[in-house]
Amino acid sequence: MYNLIIVDDEKNIREGLAYCYPWEELGFQVAAILPDGKSALDYIQRCCVDAVLSDIRMPKMDGLALAEQLYKDYPNINTVLLSGYAEFEYARTAIRFGVKEYILKPVKYEDIIKIFTEIKENLDLVKGVKTIDEPFAGYYDQIVDQVTEYLQEHYKDASLEEASLLVCLSPNYLSKIFKRKKGINFSEYLLDVKMEKAAKLLRDVTLKTYEIASEIGYDNPKNFSRAFKQYCGKTPREFREQDKSL
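Note that the sequence shown covers residues 568 to 813 in the working numbering.
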């Protein structure tokens, strides 16, 4: 679990950021909610912090000054800045101080999920985290169950990109989780689902091969026949003939 601090001079905003997002599911615990950059810096000097989510306009020390200090003294901390103003100078300064993201208010739920999922992935890589299981095993089980259900129901047009949007994870990270939990990668599992469905449909002799191909997401029947033979060791016609003889 990574430590996150939230910094905003408006009490309702910082508390909303702290309590309205699934931080633990994203791999973070909100270690502190603070009213200004100076308080944040004081906290960081005493405690381990991995990420900072901070407003820009605050008294005592604003978000840009905090980002500059972190860039100099704590370059491993991931800083995300919030602003109600789409000002180019703010964004340019933020980039110069190594800020990971610059988010405009009002904050969108999906932006937080996307940004902190990516930060978690980067932290895992930097810290050499080799397992995705331990603290979040239940959460990742739910993710994989949700994706598996999606594949079973939408195999015709399913894709890793669409599945990743469904569970609010990046495609790369979802792929890692899926492989770890299922033992095979996403595309292999999807192929299993499609070929099992095709085998069931082939037992209905009223269906044409091209209809079955279309049903499981193949625009070209030849590509379907080739994939089926590679998977089952028989062409669709050979499979049907064998099935009749049983």
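Every residue gets a Cβ at the ideal spot worked out from N, C-alpha and C, and that includes glycine.
Bear in mind that the values here come from a model prediction, so they are computed numbers and not experimental data.
Task: Residues near residue 614 in its chain [Cβ-Cβ closer than 8 Å; skip 5 each side] - done: Locating residue 614 in the sequence shown gives position 47, where the first residue counts as 1. Excluding positions up to five away in sequence, the list reads 570, 598 and 599.
Task: Residues sharing a beta bridge with residue 597, DSSP - done: In the sequence shown, counting from the first residue as 1, residue 597 sits at position 30. DSSP, once it has assigned bridges, lists 571 as partnering residue 597.
Open item on the list: Please report the straight-line C-alpha distance between residue 793 and residue 684, rounded to a whole angstrom.
Closed with: The residue labelled residue 793 in the question sits at position 226 within the sequence shown. The residue labelled residue 684 in the question sits at position 117 within the sequence shown. Residue 793 and residue 684: Cα-Cα distance of roughly 38 Å.
Open item on the list: Using the Cβ count rule (16 or more neighbours within 10 Å means buried), how would you classify residue 761?
Closed with: By one-based count along the sequence shown, residue 761 stands at place 194. Answer is buried; the Cβ neighbour count reaches 16.
TODO: Throw me the rounded Cβ distance for the residue 727 and residue 737 pair, which I believe falls under 8 Å.
DONE: As a first step, residue 727 is located in the sequence shown; it is residue number 160 there, counting from the start. As a first step, residue 737 is located in the sequence shown; it is residue number 170 there, counting from the start. Going by Cβ atoms, the distance from residue 727 to residue 737 rounds to 10 Å, so no, they are not a contact pair.
Open item on the list: Rounded to the nearest angstrom, what separates residue 700 and residue 739 at their Cα positions?
Closed with: Here residue 700 refers to the residue found at position 133 when the sequence shown is read from its first residue. Here residue 739 refers to the residue found at position 172 when the sequence shown is read from its first residue. At residue 700 the pLDDT is 49, less than 50, meaning the model places this residue with poor confidence; the figure from the coordinates comes in the next sentence. Using only the alpha carbons, I get a separation of about 16 Å.
Open item on the list: Measuring only the C-alpha atoms, how far is residue 771 from residue 755?
Closed with: The residue labelled residue 771 in the question sits at position 204 within the sequence shown. The residue labelled residue 755 in the question sits at position 188 within the sequence shown. Spanning the two alpha carbons is a distance of roughly 25 Å.
TODO: Starting from the Cα of residue 581, find the closest Cα among 782, 734 and 673 and give me that residue.
DONE: The count along the sequence shown starts at 1 and reaches residue 581 at position 14. Checked all of 782, 734 and 673; the closest Cα to residue 581 is 673.
Task: residue 620 versus residue 649 - alpha carbon distance - done: Working through the sequence shown from its first residue, we reach residue 620 at position 53. Working through the sequence shown from its first residue, we reach residue 649 at position 82. Residue 620 and residue 649 have their C-alpha atoms spaced approximately 7 Å apart.
Open item on the list: Taking the straight line between their C-alpha atoms, what separation do you get for residue 785 and residue 708?
Closed with: Here residue 785 corresponds to residue number 218 of the sequence shown, with the count starting at 1. Here residue 708 corresponds to residue number 141 of the sequence shown, with the count starting at 1. Approximately 30 Å between the Cα atoms of the pair.
- [ ] Using 10 angstroms around the beta-carbon of residue 751, count the other beta-carbons present and answer buried if the total reaches 16, otherwise exposed.
- [x] Reading the sequence shown from its first residue, position 184 is the one you call residue 751. Label assigned to residue 751: exposed.
TODO: With DSSP as the reference, please indicate the residues paired to residue 670 in a beta bridge.
DONE: On the sequence shown, position 103 is the one that residue 670 refers to. Paired residues: 649.
TODO: State the beta-bridge partners of residue 620 as determined by DSSP.
DONE: As a working note, residue 620 is residue 53 in the sequence shown. According to DSSP, which records beta bridges pairwise, residue 620 is partnered with 573 and 647.
Open item on the list: Does residue 781 come out as helix, strand or coil in the three-state DSSP assignment?
Closed with: In the sequence shown, the residue the question calls residue 781 occupies position 214. Helix, per DSSP.
Open item on the list: Quick check: residue 769 and residue 803, are their CB atoms within less than 7 Å of each other?
Closed with: As a first step, residue 769 is located in the sequence shown; it is residue number 202 there, counting from the start. As a first step, residue 803 is located in the sequence shown; it is residue number 236 there, counting from the start. Yes, the pair counts as a contact, with Cβ atoms nearer than the cut-off.
- [ ] Give the straight-line distance between the Cα atoms of residue 679 and residue 576, rounded to the nearest whole angstrom.
- [x] Taking the sequence shown and counting its residues from 1, the one referred to as residue 679 is at position 112. Taking the sequence shown and counting its residues from 1, the one referred to as residue 576 is at position 9. So the two alpha carbons sit approximately 19 Å from each other.
- [ ] Look at the alpha carbon of residue 716 and the alpha carbon of residue 644, and state the distance between them as a whole number of angstroms.
- [x] For the purposes of this step, residue 716 is identified with residue 149 of the sequence shown, where counting begins at 1. For the purposes of this step, residue 644 is identified with residue 77 of the sequence shown, where counting begins at 1. About 37 Å.
Open item on the list: So, at 8 Å on beta carbons, what are the nonlocal neighbours of residue 744 in its own chain, with the 5 sequence-adjacent residues on each side left out?
Closed with: Position 177 of the sequence shown holds residue 744. Only 699, 707, 710, 711 and 736 meet the Cβ criterion.
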